[in-house]
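A.B. asks:
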Amino acid sequence: MIESDVNVQAGSVDLMSQIEIVLFKEEYANSVLELMHSTPEVDHHTDYTLWQAAYFDPGLFFVALKNNLVVGYLFGRNSHDSVLLWQFAVSKAYQGSGIGKKLVSAFILSAKTQQYRKIFTTITKENNASKAAIYSAAKQHGLLVSEVGETSNFGGKMKPEKIFKIDLKIS
Ligand SMILES: CC(C)(COP(=O)(O)OP(=O)(O)OC[C@H]1O[C@@H](n2cnc3c(N)ncnc32)[C@H](O)[C@@H]1OP(=O)(O)O)[C@@H](O)C(=O)NCCC(=O)NCCS
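Residue numbers (the UniProt record's numbering): 1 to 171.
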């Protein structure tokens, strides 16, 4: 079950103090899939794909909880010295409250701790919210985001997306 829109108290000031960012556990799988499949902007993956993300990249998979209910998630993928910020989403009712930024921030911190050197992500031209959340979280960590290219249409049907890179400062 995901937190439903009707439970949202408009103007609730201390919403962020009720949000907990935790590593993914199997018990959240159905809620993450439910949120993913009710979010039109993201690719709708299968449970198997989600399992892969959790199995191979457990330290790059986070959920945002409010009262123990999933209101957001983010998962990534590692590749050599880099990680891909693969997908993140926040329940419609809570978008624009700072949860997306908090998820990205947890991801950056984890990637740094695991000694990865770069974060890559791709964003569609029209996804201002995604871009803003990534830029804002990077800024919070004193990191710069640079645009490094564009995906192809990968044989015809894929909508090209801009590729962004964040260089991580490893101390
Ligand atoms: C993208 C998404 C995860 C961002 O999460 P969010 O919780 O809504 O974003 P936040 O509230 O943390 O906002 C972070 C920053 O982005 C800004 N922002 C949020 N929505 C915005 C919008 N539509 N346009 C421009 N800026 C926006 C906020 O003002 C904030 O800026 P600040 O830190 O400078 O104050 C969320 O909007 C979402 O789930 N969208 C649908 C799924 C999706 O597109 N996922 C990304 C592709 S994988």
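Note that the Cβ used here is the ideal one computed from N, Cα and C, for glycine as well.
Note that this is a predicted model, so its numbers are computed, not measured.
Check whether the Cβ atoms of F120 and L74 sit closer than 9 Å, and answer yes or no.
C.D. replies: If you number the sequence shown from 1, residue 120 lands on position 120. If you number the sequence shown from 1, residue 74 lands on position 74. No, these two residues do not count as a Cβ contact at 9 Å.
A.B. asks: Please report the residue range of the alpha helix (DSSP H) in which S136 lies.
C.D. replies: The sequence position of residue 136 within the sequence shown is 136, counting from 1. Looking at the DSSP string, the run of the alpha helix (DSSP H) that includes S136 is N128 to Q140.
A.B. asks: Can you tell me whether Q114 is buried or exposed? The criterion is at least 16 other CB atoms within 10 Å of its CB, across all chains shown.
C.D. replies: Sequence index remark: in the sequence shown, residue 114 carries index 114 (1-based). Burial call: exposed.
A.B. asks: At a threshold of 8 Å, does K101 count as lining ligand 1 (C-beta to nearest heavy atom)?
C.D. replies: Taking the first residue of the sequence shown as position 1, residue 101 is located at position 101. Yes, the beta carbon of K101 sits closer than 8 Å to at least one heavy atom of ligand 1.
A.B. asks: So, helix, strand or coil for Q9, using DSSP?
C.D. replies: Mapped onto the sequence shown, residue 9 falls at position 9. Per-residue confidence for Q9 stands at a pLDDT of 48, beneath the threshold of 50, marking its modelled position as unreliable; the derived number appears in the next sentence. Residue state, collapsed to three classes: coil.
A.B. asks: Say whether the region 60 to 68 touches the region 40 to 48, bearing in mind that this needs 3 or more beta-carbon pairs closer than 8 Å, one atom from each stretch.
C.D. replies: Output reads no: the region 40 to 48 does not touch the region 60 to 68.
A.B. asks: Could you tell me how far apart the beta carbons of N133 and K101 are, in whole angstroms, since I believe they sit closer than 8 Å?
C.D. replies: Residue mapping note: residue 133 aligns to position 133 of the sequence shown, counting from 1. Residue mapping note: residue 101 aligns to position 101 of the sequence shown, counting from 1. Going by the sequence as given, residue 133 is Ala instead of Asn. Sure, about 5 Å apart at Cβ, within 8 Å.
A.B. asks: Just to confirm the assignment, what range does the beta strand (DSSP E) spanning D47 have?
C.D. replies: For this step, residue 47 is matched to residue 47 along the sequence shown. No beta strand (DSSP E) contains D47, which is instead part of the alpha helix (DSSP H) from D47 to F56.
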